[in-house]
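Visitor: Residue numbers (my numbering), protein chains in the order written: chain A, 4 to 139; chain B, 4 to 139.
Beta carbons: idealized from backbone N, C-alpha and C, even for Gly.
Structure in structure tokens, see below.
There are 2 protein chains.
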Amino acid sequence: MLSQKTRYAMVALTRLAREYGKGAILISELANSEKIPRRYLENILLELKKMGILGSKLGKTGGYFLLRHPKDVNLAEIVRQFEGPIALLSCVSEKAYQSCEFCKDELACNIRKVFKEIRDITFAKLESTTLEVLIA
Amino acid sequence: MLSQKTRYAMVALTRLAREYGKGAILISELANSEKIPRRYLENILLELKKMGILGSKLGKTGGYFLLRHPKDVNLAEIVRQFEGPIALLSCVSEKAYQSCEFCKDELACNIRKVFKEIRDITFAKLESTTLEVLIA
DNA sequence: CAAATGTACACTAATTTGGTGAACATAGTG
DNA sequence: CACTATGTTCACCAAATTAGTGTACATTTG
């Protein structure tokens, strides 16, 4: 199951995608309207900023806003950042591959084969799901 | 990512499936040959016994053995037991459904739609992967 | 300057994970 | 029967992870 943090990130981004091009939105407004603990949301938005997905403005008219076009942000990227590898086994992970502790011949391993298929399909679904798709 | 426990369970079961019909196998032999901490493996095998998948024999000629035919044990059952729900969001879980904390209309939610598809495909793959498939 | 905003860094309580310890119950062997 | 090898039970534990919170600071606008 995805962590609360990942879910908060997806919800917040979906909202920010809806406001794309309309200027900055306050953390507190985002927190209230999307029912996310305000202080926790700060951490999440900051992380998204460091990823280059969000921008922020300080001061009285400050807030957060989506930097990229909604079609250029997909769920694979978000899940990877907040949840870790998409694969269920590290021997089938692209970004966090580690050789299997159990089997000698990974190519012959049937367990691996199943989880590789699951990873590939999951990744494809997540990657093709952009914020633009989510707000459609 | 799947927990160590789930991986141990899959590896142990695969081995027991290979020995299906050949009598009981010792915990210690299973632990040694599959490189699983012996005492931890005990817990796992006991859990599998309580699920009705394994049987055991006490005493000098004791050990564990697969009760069902390898084609009648699939990975969906194992993953559910040791890992929890297959779904990545509880709003798309079959066995552990919980309504979403964020959205009003789940049927209209695009986030939900994506993760429902992922769950359904993942479940189908896991369910069709029996121990017989794994040892083939 | 004052007030409202985001930023930084550390801290924490509860839960989960990956085990281990000690004592016990049962079945076969000499 | 006594012995020993096996599984069983139940409790405990250390480390990591999760979901936050506390406090102080920096920047911008009115």
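Counting along the chain, where does the alpha helix (DSSP H) carrying residue 131 of chain A start and finish?
Guide: The residue given as residue 131 of chain A occupies position 128 in the first sequence. Run containing residue 131 of chain A: 113–131, per the alpha helix (DSSP H) assignment.
Visitor: List the residues of chain A that residue 56 of chain B touches, going by C-beta distances under 8 Å, in chain order.
Guide: For the purposes of this step, residue 56 of chain B is taken as the residue at position 53 of the second sequence. Chain A residues near residue 56 of chain B: none, gap ~17 Å exceeds 8 Å.
Visitor: Excluding sequence positions up to five away, which residues of its chain have a Cβ less than 8 Å from the Cβ of residue 17 of chain B?
Guide: As a first step, residue 17 of chain B must be located in the second sequence, where it is residue number 14. The answer, listed in chain order, is 134, 137, 138.
Visitor: Using CA atoms only, rank isn't needed, just tell me which of B:22, B:41, B:104 is closest to residue 30 of chain B.
Guide: Residue numbering aside, residue 30 of chain B sits at position 27 when the second sequence is read from its first letter. If we check each option's Cα against that of residue 30 of chain B, B:41 comes out closest.
Visitor: As a quick exercise: from B:81, B:90, B:102, pick the residue whose alpha carbon is nearest that of residue 54 of chain B.
Guide: As a first step, residue 54 of chain B must be located in the second sequence, where it is residue number 51. Selected option, being the one with the closest Cα: B:81.
Visitor: My output table needs one value for residue 47 of chain A: the three-state DSSP class, helix, strand or coil.
Guide: For this step, residue 47 of chain A is matched to residue 44 along the first sequence. Note: residue 47 of chain A maps to helix in three-state DSSP.
Visitor: Just mark residue 69 of chain B as buried or exposed, buried being the case when its beta carbon has 16 or more other beta carbons within 10 Å.
Guide: Reading the second sequence from its first residue, position 66 is the one you call residue 69 of chain B. The residue in question, residue 69 of chain B, is buried, as its Cβ has 16 or more Cβ neighbours within 10 Å.
Visitor: Using a cut-off of 9 Å between C-beta atoms, extract the partners of residue 35 of chain B located in chain A.
Guide: Position 32 of the second sequence, counting from 1, holds the residue named residue 35 of chain B. Result: empty, since nearest Cβ-Cβ is about 13 Å, beyond 9 Å.
Visitor: I'd like the span of the alpha helix (DSSP H) that includes residue 85 of chain A, first residue to last.
Guide: For the purposes of this step, residue 85 of chain A is taken as residue 82 along the first sequence, with counting starting at 1. 78–86 is the span of the alpha helix (DSSP H), which, as asked, contains residue 85 of chain A.
Visitor: If you reduce the DSSP assignment to three classes, tell me which class residue 57 of chain A lands in.
Guide: Position 54 of the first sequence, counting from 1, holds the residue named residue 57 of chain A. Reduced to three states, the DSSP call for residue 57 of chain A is strand.
Visitor: Take the Cβ of residue 111 of chain B as the centre, count every other Cβ of all protein chains shown within 10 Å, and call the residue buried at 16 or more, exposed below.
Guide: Start at 1 with the first residue of the second sequence, and residue 111 of chain B comes out as number 108. Exposed: under 16 other Cβ atoms inside 10 Å.
Visitor: Have a look at residue 96 of chain B and residue 89 of chain B and give me their C-alpha separation to the nearest angstrom.
Guide: Counting from 1 along the second sequence, the entry for residue 96 of chain B is found at position 93. Counting from 1 along the second sequence, the entry for residue 89 of chain B is found at position 86. Cα to Cα, residue 96 of chain B sits roughly 7 Å from residue 89 of chain B.
Visitor: Check whether the segment 14–28 of chain A touches the segment 58–73 of chain A, counting contact only when three or more Cβ pairs, one atom from each stretch, lie closer than 8 Å.
Guide: In short, these stretches touch, since the Cβ pair count reaches three.
Visitor: Between the Cα of residue 48 of chain A and the Cα atoms of A:99, A:104, A:14, A:117, which residue gives the shortest distance?
Guide: Position 45 of the first sequence, counted from the first residue, corresponds to residue 48 of chain A. The candidate whose alpha carbon is nearest that of residue 48 of chain A is A:14.
Visitor: Quick one: does residue 104 of chain A have its CB under 8 Å from some CB of chain B?
Guide: In the first sequence, counting from the first residue as 1, residue 104 of chain A sits at position 101. Yes, contact with chain B.
Visitor: I need the straight-line Cα distance from residue 79 of chain B to residue 24 of chain A, nearest angstrom please.
Guide: The residue you call residue 79 of chain B lines up with position 76 of the second sequence. The residue you call residue 24 of chain A lines up with position 21 of the first sequence. Those two C-alpha atoms are separated by around 44 Å.
Visitor: Rounding to the nearest angstrom, what Cα-Cα distance links residue 74 of chain A and residue 75 of chain B in this structure?
Guide: Counted from its first residue, the first sequence places residue 74 of chain A at position 71. Counted from its first residue, the second sequence places residue 75 of chain B at position 72. Going by the C-alpha atoms only, they are around 44 Å apart.
Visitor: Tell me which residues of the segment 8–38 of chain A have at least one Cβ-Cβ distance to chain B shorter than 8 Å, keeping chain order.
Guide: Hits within the stretch, in order: 10, 13, 14, 17, 37, 38.
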